[in-house]
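A.B. asks: Position one of the sequence shown corresponds to residue 9 (our numbering), numbered consecutively onward.
The C-beta atom is built at its ideal place from N, Cα and C for all residues, glycine as well.
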Amino acid sequence: SAVLICVSRTCLMSEACVEGMCIQRGSLSFTARWSRRNGQGYIIVRTPLNHTIYFGNPRTKSFADEGRHEQVGDGSQVDNIYWPSNRIPPKGSYKICFSTGSLLNGTDKSPVFEAR
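#1: Only counting the same chain, and skipping five residues up and downstream in sequence, which positions put a Cβ closer than 7 Å to that of residue 31?
#2: Could you compute how far the alpha carbon of residue 49 sits from the alpha carbon of residue 61?
#3: Check the DSSP bridge columns for residue 91 and list the partner residues they point to.
#4: State the Cα-Cα distance for the pair residue 65 and residue 12, rounded to the nearest angstrom.
#5: Just curious, the beta strand (DSSP E) that residue 79 is in, first and last residue?
#6: Is the distance from the Cβ of residue 101 to the Cβ of residue 56 below 8 Å?
#7: Apart from the five residues just before and just after residue 72, which ones in its own chain have a Cβ nearer than 8 Å to its Cβ?
#8: Considering residue 54, what are the terminal residues of the beta strand (DSSP E) in which it resides?
#9: If you count every other CB in all the chains shown that lies within 10 Å of the CB of residue 134, and 16 or more means buried, which is it?
#10: Can you give me the Cβ contacts of residue 37 inside the same chain, cut-off strictly under 6 Å, excluding the 5 residues immediately before and after it?
#11: When the Cα atoms are used, what is the spatial distance from residue 122 to residue 69?
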């Protein structure tokens, strides 16, 4: 199978390179990344079938909605939620939130910005 060179790692073609780490792309994915190393943030996704996926609930129990949370590295700069490539994500609207977790410790400057 083909590979992608990601800094000092080799990713599979089903993966993307983010912050020097290989993450799952799948048929649909939501990825958050931040530059501050001394804290953790969390992406939270509510699916059209009303399932919530995040680090504390890493996958649904539904065969119709197989989204998964992926712990990337030590979780300090990237968080990822994806649907495997061989699965079809539910149609409809997704609600996406980002919890700043411990990223704001001792500062009033938000580490969060939107990039499209």
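C.D. replies: Taking the definition as stated:
#1: For the purposes of this step, residue 31 is taken as residue 23 along the sequence shown, with counting starting at 1. Scanning its chain for C-beta atoms nearer than 7 Å, with the 5 sequence neighbours on each side dropped, one finds around residue 31 the residues 23, 24, 39, 78, 80, 86 and 88, in chain order.
#2: On the sequence shown, position 41 is the one that residue 49 refers to. On the sequence shown, position 53 is the one that residue 61 refers to. Going by the C-alpha atoms only, they are around 14 Å apart.
#3: Position 83 of the sequence shown holds residue 91. BP columns for residue 91 point to 36.
#4: Here residue 65 corresponds to residue number 57 of the sequence shown, with the count starting at 1. Here residue 12 corresponds to residue number 4 of the sequence shown, with the count starting at 1. Looking at the two C-alpha atoms, the distance is approximately 30 Å.
#5: As a first step, residue 79 is located in the sequence shown; it is residue number 71 there, counting from the start. Residues 76–79.
#6: Residue mapping note: residue 101 aligns to position 93 of the sequence shown, counting from 1. Residue mapping note: residue 56 aligns to position 48 of the sequence shown, counting from 1. Between residue 101 and residue 56, the C-beta gap is smaller than 8 Å, which places the two residues in contact.
#7: Within the sequence shown, residue 72 is the residue found at index 64, counting from 1. Within the same chain, residue 72 has close Cβ partners 57 and 98.
#8: The count along the sequence shown starts at 1 and reaches residue 54 at position 46. It spans 50–54 - the beta strand (DSSP E) in which residue 54 sits, taken as one unbroken run.
#9: Residue 134 lies beyond the range of the chain shown here (9 to 124); nothing can be said about it.
#10: Your numbering for residue 37 matches position 29 in the sequence shown. These residues qualify, in order along the chain: 90.
#11: Your numbering for residue 122 matches position 114 in the sequence shown. Your numbering for residue 69 matches position 61 in the sequence shown. Because residue 122 sits at a pLDDT of 49, beneath the cut-off of 50, its placement in the model cannot be relied upon, and the point is left open.
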